[in-house]
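Structure first, commentary second.
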DNA sequence: CTTTTTTTGTTCTGATCTGTACAAAACCGA
DNA sequence: TCGGTTTTGTACAGATCAGAACAAAAAAAG
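Pasting the structure below:
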């Protein structure tokens, strides 16, 4: 069935993800992508059709792995709703400090995408929007659990609180990118979670 | 003293600011800037030397007007520290809903800059960093006032709380850009401010 | 071995990019 | 009115951009 591919598609997407993450859609050229992935021009276009298609694949890969990992923390049974959200924020702090220390930039690919092309590209906007709704639902469930087990204030709408936590995470991502170190992020997280307690 | 200019420099910077704000540094071409400002290529380069210089002027203009406006709210005497921060958040909510309704995009030019080129351009990073420190100081003063007048919990470091409020504002900016409407933003603000009360 | 199918490497294309060159135009001072 | 100075319009330069074209290479199917 023809010549087999000399590359692993998943691996290529991961490399492309790093590249787009660091430089954004507009700031990344197809030459950059070829160099980062090791693919030639024709292999890249033969497989992914266009720069925008590859971007969507890379972005989807990012949000899927991120949301999955955060989802396992959020859905962990055995701890209170508040504890699960606290764990989520810990994951964020660890992520950002790891990013800062490992050099390859910081911040969140999703946030970067929201603040740049999402407003100008409906197809890309759809990816982040679907992910947003997934995360809001997960959060709402954890928050409702917390309101039942008494760890989270019950006098507020779970949907509002889910938006609040989302916004808190967004803020921590941007703060990390504007220079906030681990201790600053931990302070933001511990202060921010106070708003949820009864 | 030579031929006088046929344009108002401030006005040009405002137009350029809108353009960069909407499309980002990489996404805005010099042709876009000419069209948006009405200047010809040579006038633009004669006055601002390069795309990056103009970007810095536009960004400085933005952070100055924004921080000044938010500063007057934060420094308002006659109300408690907590009230002043609540007013700040109200300003943010009003800004974002106004942006959404008036069409010309939403979100914050500063946040967009942080999440895109700031990490790749030290000169631009310096602009946002200086502004960040100004805002953190203003916030810390208001928070210390609040801790003295009893409206804000005194058992937390003012610097940590200043970072928290900054992060809260960042988060609201991104939330607005990802589709949060006025009521959602108001919910985030009112929940977020709970964390500050004693 | 031959044919068919797919990937790969290289080259090309036309558009767009930032920035420059240069002369015409418009103003001021004398 | 004339000389000096600055802005303006247009044309251009060289680089880079996303993507297409096409034949060589590599494998499976017959």
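Chains as they are written, first to last, in UniProt numbering: chain H, 1 to 198; chain C, 1 to 198.
For each residue, glycine too, the CB sits at the ideal point set by N, CA and C.
Just tell me which of 53(C), 2(C), 42(C), 67(C) has its CA closest to the CA of residue 130(C). 67(C)
Check whether residue 197(H) and residue 153(H) have beta carbons under 8 angstroms apart: yes
Name, going along the chain, the residues of the stretch 117 to 146 of chain H whose beta-carbon falls closer than 8 angstroms to a beta-carbon of chain C. 117, 118, 119, 120, 128, 129, 132
Verify the CB distance criterion: does residue 194(H) have a CB-CB separation below 8 angstroms to chain C? yes
Go ahead and label residue 148(C) buried or exposed: buried means 16 or more other beta carbons lie within 10 angstroms of its beta carbon, across all protein chains shown. exposed
Under 8 angstroms Cβ-Cβ, which residues of chain H neighbour residue 82(C)? Result: empty, since nearest Cβ-Cβ is about 13 angstroms, beyond 8 angstroms.
Interface residues of chain C facing residue 163(H) [CB-CB closer than 9 angstroms]: 175, 180, 184, 185, 187, 188, 191
Does the distance from the C-beta atom of residue 16(C) to that of residue 36(C) stay below 8 angstroms? yes
Measuring CA to CA, which of 71(H), 25(H), 47(H) is closest to residue 4(H)? 47(H)
For the alpha helix (DSSP H) containing residue 66(H), list its first residue and its last residue. 51 to 74
Checking contacts by CB at 8 angstroms: is residue 62(H) closer than that to chain C? no
Pick from 14(C), 79(C), 113(C), 89(C): whose alpha carbon is nearest that of residue 175(H)? 113(C)
Figure out for me which residue from 90(C), 94(C), 111(C), 107(C) has the closest Cα to the Cα of residue 74(C). 90(C)
Take residue 164(C) as the anchor and find which of 177(C), 182(C), 179(C), 132(C) has the nearest alpha-carbon. 132(C)
Within 7 angstroms of chain C by C-beta, residues of the stretch 102 to 113 of chain H in sequence order: 105, 107, 111, 112
Closer than 8 angstroms is the cut-off here; do at least three beta carbon pairs connect the stretch 90 to 101 of chain H with the stretch 175 to 186 of chain H? yes
Determine the closest residue to residue 177(H) out of 135(C), 110(C), 195(C), 14(C), with distance taken between C-alpha atoms. 110(C)
Under 7 angstroms by beta carbon: chain C residues contacting residue 171(H): 167, 168, 170, 171
Considering only their Cβ atoms, is the gap separating residue 26(C) from residue 107(H) smaller than 8 angstroms? no
For residue 100(C), count neighbouring Cβ atoms within 10 angstroms of its own Cβ and tell me buried if that reaches 16, exposed if not. buried
Find out if the Cβ-Cβ distance for the pair residue 24(H), residue 116(C) is shorter than 8 angstroms. yes
Under a CB-based cut-off of 8 angstroms, is residue 24(H) close to chain C? yes
What residues in the stretch 67 to 80 of chain C bring their beta carbon closer than 7 angstroms to a beta carbon of chain H? none
Can you tell me whether DSSP reads residue 161(H) as helix, strand or coil? helix
My understanding is that residue 159(C) touches residue 140(C), with C-beta atoms under 8 angstroms, so please give their C-beta distance in whole angstroms. 6 angstroms
For a test of the three-state rule: what should DSSP assign to residue 103(C), helix, strand or coil? coil
If I measure Cβ to Cβ from residue 104(H) and keep anything under 7 angstroms in the same chain, skipping five residues before and after, which residues do I get? 18, 22
Let me know if residue 138(C) comes out buried or exposed under the rule of 16 or more other beta-carbons within 10 Å of its beta-carbon. buried
I need the straight-line Cα distance from residue 87(H) to residue 81(H), nearest angstrom please. 10 angstroms
Looking only at its chain, what residues have a beta carbon closer than 6 angstroms to the beta carbon of residue 13(C), apart from the 5 residues adjacent to it on each side? 57, 58, 61
Run the CB neighbour count on residue 65(H), radius 10 Å, all protein chains shown included, and call it buried at 16 or more, exposed below. exposed
How many whole angstroms separate the CB atoms of residue 142(C) and residue 69(C), which I take to be in contact at a CB cut-off of 8 angstroms? Going by Cβ atoms, the distance from residue 142(C) to residue 69(C) rounds to 15 angstroms, so no, they are not a contact pair.
What is the C-beta distance between residue 191(H) and residue 156(C), in whole angstroms, given that I count them as a contact (C-beta under 8 angstroms)? 7 angstroms
Could you give the residue range of the alpha helix (DSSP H) that holds residue 190(C)? 182 to 194
Give the secondary structure of residue 17(C) by DSSP, where H, G and I count as helix, E and B as strand, and everything else as coil. helix
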